[in-house]
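For reference, the structure discussed in these notes is given below.
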Ligand code: PEP
């Protein structure tokens, strides 16, 4: 099987009012002028999903949700479903981000159920895993992340397009990027687990790195073995920075 293009994913988190649509438009326009070798996706807050999808319509920029409920519809106040994300113009969804796991107590079993919902709603999931600082200091980072991966990925992913994002919690929003050695070690372990679990397909699933990716460090990270893209938080909010990272891929 062929190696997929890297994915550069911008996670806006709970940031972005209507004015932020101009940043997305600027990214789309710049990619028109200078096409990227990477695929590019923006994950705005749900309030902007539909408007952002319209703003970048006809461009190469993909749009996604930051989370989805395991069910397709129903009495779940405040939640949104995979089908709703698709209806708003989204093609992808982030599932299992550490901020969801921490803020909302999401378990791996719940994350796996959300992945199932994403697939049922025809969305390409980006499934996040990553250890805490305590786990890394205890020497448990690799075993923890591999276990998290095992429990967060349903068998129904076989044959479907999906992505894994490795995001060490201590590197998210802190400016403390993981060392390239840490990234290489973890991505190799994730690759081995994916290959064991999904066979030939598991050898090509993009494994994104996330955690304080910036224009200054993107090229080195993206060139590391088994790094198939980046999940970018803070630096995805400004078109100029996000484009610099896209162009480093
Ligand atoms: C993220 O939101 O997934 C992330 C990696 O954030 P930051 O780039 O700001 O560290």
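Residue numbers (UniProt numbering): 5 to 253.
Just so it is clear, CB atoms sit at the ideal spot from N, CA and C, and this is done for glycine as well.
Residue i: CB within 8 Å of a non-hydrogen atom of the ligand PEP
i, result
"residue 178", "yes"
"residue 101", "yes"
"residue 244", "no"
"residue 15", "yes"
"residue 217", "yes"
"residue 226", "no"
"residue 171", "yes"
"residue 112", "no"
"residue 41", "no"
"residue 63", "no"
"residue 146", "no"
"residue 149", "no"
"residue 236", "yes"
"residue 136", "no"
"residue 240", "yes"
"residue 255", "With the chain covering 5 to 253 only, the question about residue 255 has no answer from this structure."
"residue 253", "no"
"residue 175", "yes"
"residue 72", "no"
Residue i, buried or exposed, once every other Cβ within 10 Å from all chains shown has been counted against 16
i, result
"residue 71", "buried"
"residue 203", "exposed"
"residue 214", "buried"
"residue 232", "buried"
"residue 210", "buried"
"residue 101", "buried"
"residue 18", "exposed"
"residue 198", "buried"
"residue 240", "buried"
"residue 53", "buried"
"residue 21", "exposed"
"residue 79", "exposed"
"residue 229", "exposed"
"residue 177", "exposed"
"residue 118", "buried"
"residue 82", "exposed"
"residue 37", "exposed"
"residue 143", "exposed"
"residue 180", "exposed"
Any non-hydrogen atom of the ligand MG closer than 8 Å to residue i Cβ
i, result
"residue 54", "Absence of the ligand MG is noted for the structure shown, with the ligand PEP being the only ligands found."
Beta-bridge partners of residue i, as assigned by DSSP
i, result
"residue 43", "11"
"residue 167", "130"
"residue 73", "85"
"residue 66", "45"
Hey, which unbroken runs of the alpha helix (DSSP H) at 4 residues or more fall wholly within the segment 94-157? 102-107, 112-124, 137-141, 145-156
Alpha helix (DSSP H) runs contained entirely in the segment 192-236, provided each spans 4 or more residues: 222-226
Give, in chain order, every unbroken run of the beta strand (DSSP E) that is at least 3 residues long and sits entirely within the segment 17-62. 43-47
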